[in-house]
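*Asks:*
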Amino acid sequence: MSAVDMEMVPVGNPGNAADTRHDPTGFGAVPYVYTIGKYEVTNGQYREFLNAKATVGDPFGLYNELMTSSYGGIQRIGLGTDESPWTYLPKDFDPIYDLWPVNFVSVWDAARFANWLHNGQGDGDTEQGTYVGLDDETVFARQPGARFALPTENEWYKAAYYDPDKPGGPGYWEYPTRTDDRPSGDAPPGADFVRGSANHGTSALFPVGAYTAKPSTSAYGTYDQGGSLWEWNETFVLGDFFGLRGGSFDNIYGLDAAHQDSYPAFFENRIMGFRLVGAAVPEPSTLALAAMCALCGAAIAGRARKRSHRTGALNQL
Numbered sequence: 680m681s682a683v684d685m686e687m688v689p690v691g692n693p694g695n696a697a698d699t700r701h702d703p704t705g706f707g708a709v710p711y712v713y714t715i716g717k718y719e720v721t722n723g724q725y726r727e728f729l730n731a732k733a734t735v736g737d738p739f740g741l742y743n744e745l746m747t748s749s750y751g752g753i754q755r756i757g758l759g760t761d762e763s764p765w766t767y768l769p770k771d772f773d774p775i776y777d778l779w780p781v782n783f784v785s786v787w788d789a790a791r792f793a794n795w796l797h798n799g800q801g802d803g804d805t806e807q808g809t810y811v812g813l814d815d816e817t818v819f820a821r822q823p824g825a826r827f828a829l830p831t832e833n834e835w836y837k838a839a840y841y842d843p844d845k846p847g848g849p850g851y852w853e854y855p856t857r858t859d860d861r862p863s864g865d866a867p868p869g870a871d872f873v874r875g876s877a878n879h880g881t882s883a884l885f886p887v888g889a890y891t892a893k894p895s896t897s898a899y900g901t902y903d904q905g906g907s908l909w910e911w912n913e914t915f916v917l918g919d920f921f922g923l924r925g926g927s928f929d930n931i932y933g934l935d936a937a938h939q940d941s942y943p944a945f946f947e948n949r950i951m952g953f954r955l956v957g958a959a960v961p962e963p964s965t966l967a968l969a970a971m972c973a974l975c976g977a978a979i980a981g982r983a984r985k986r987s988h989r990t991g992a993l994n995q996l
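Numbering (the numbering used here) for the sequence shown: 680 to 996.
(1) For residue 927 versus residue 909, is the C-beta spacing smaller than 7 angstroms?
(2) Do you know whose CA, among 741, 735, 790, 857, lies nearest residue 757's CA?
(3) Mind checking whether residue 780 and residue 727 have CB atoms under 7 angstroms apart?
(4) Taking residue 863 and residue 876 to be in contact with their CB atoms under 8 angstroms, please state how far apart those CB atoms are, rounded to whole angstroms.
(5) Leaving out five residues before and five after residue 764 in sequence, what residues of the same chain have Cβ atoms less than 7 angstroms from its Cβ?
(6) Assign residue 954 to one of two classes, buried (16 or more other C-beta atoms within 10 Å of its C-beta) or exposed (fewer than that).
(7) Nearest-angstrom Cα distance between residue 743 and residue 783?
(8) To the nearest angstrom, how far is the alpha carbon of residue 693 from that of residue 842?
(9) Can you round the beta-carbon distance between residue 805 and residue 739 to whole angstroms, since I take them to be within the 8 angstroms contact cut?
(10) Out of curiosity, what's the CA-to-CA distance linking residue 849 and residue 696?
(11) For residue 741 versus residue 729, is the C-beta distance shorter than 7 angstroms?
(12) Along the chain, which unbroken stretches of the alpha helix (DSSP H) at least 4 residues long are found entirely within the stretch 880-938?
(13) Taking only the alpha-carbon atoms, compute the straight-line gap between residue 709 and residue 832 and give it to the nearest angstrom.
(14) On the criterion of 16 or more Cβ atoms from any shown chain inside 10 Å, does residue 753 qualify as buried, or is it exposed?
(15) What are the boundary residues of the alpha helix (DSSP H) that residue 663 is part of?
(16) By the three-class DSSP mapping on this structure, what secondary structure does residue 791 have?
(17) What would DSSP say about residue 878, mapped onto helix, strand or coil?
Shown next as structure tokens:
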């Protein structure tokens, strides 16, 4: 079994202002540095998860049989028993499907994947770590010290639309390809070097990161935040509905910053996937302060030890 390697990119510029252009408004402000997946989670990465946690029974429904449909990319063989455990393979045994973004996944599937990564993969726990309260929206919450998580809506939005170097000053683009005009929907690698390109309105999925015609990434270097798949985030939008952003391959709408969608956490569909964020990164000033505190603490401890040694010597006289 291979280890899952999540390629992350840093999202800096903490304390950026929120976007106030649309209704609802106020998205995108994040007061800390963090990392986010350069790509959506792929079938290949999710297969490793399934082969680690869903071979003898699948009590949490991590696999959806539609993953082997024309829009999916994972097939399952075996009986799911001790004698004949399930094995998860690329659909049609074609490795190209490992490079597609995984779909037919719910918020709960994504949260369990994050817990598994947080706990070191392999036989790592899926029920605690980054998240507790899975399958229960009333107590579901990200825990302090999470190593991998679904993004908040603000984390996702900032990584997609914010640009600290936007002409005229820091601000937000309308599309996650550093443009205010809808990117072209040409096939990969894309052809429009003004608006960028994205997978929308094509009725087909492609490998993550396939759109390389510039500018087809966000200002922070993420791929496919526009088109490909609607991506889950961990923010409640309405009642037990979780947020989705970014649009998908089957429609020209939804890629822009004005579009917000939401569905119940258990919902699974061919046009829904996810990417993850990494732990918040302390600012250099914070790290310097922590280092200074550590040095001061060491110096104080050293002086205390010297005083203790002198006191001991005096007591022996």
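The C-beta atom is built at its ideal place from N, Cα and C for all residues, glycine as well. Note that the coordinates shown come from a computational prediction; the quantities given were computed from them, not determined experimentally.
*Replies:* Result, derived from the coordinates:
(1) yes
(2) 735
(3) no
(4) 5 angstroms
(5) 734, 735, 757
(6) buried
(7) 6 angstroms
(8) 12 angstroms
(9) 7 angstroms
(10) 9 angstroms
(11) yes
(12) none
(13) 10 angstroms
(14) buried
(15) This structure gives no information on residue 663, because the portion of the chain shown stretches from 680 to 996.
(16) helix
(17) strand
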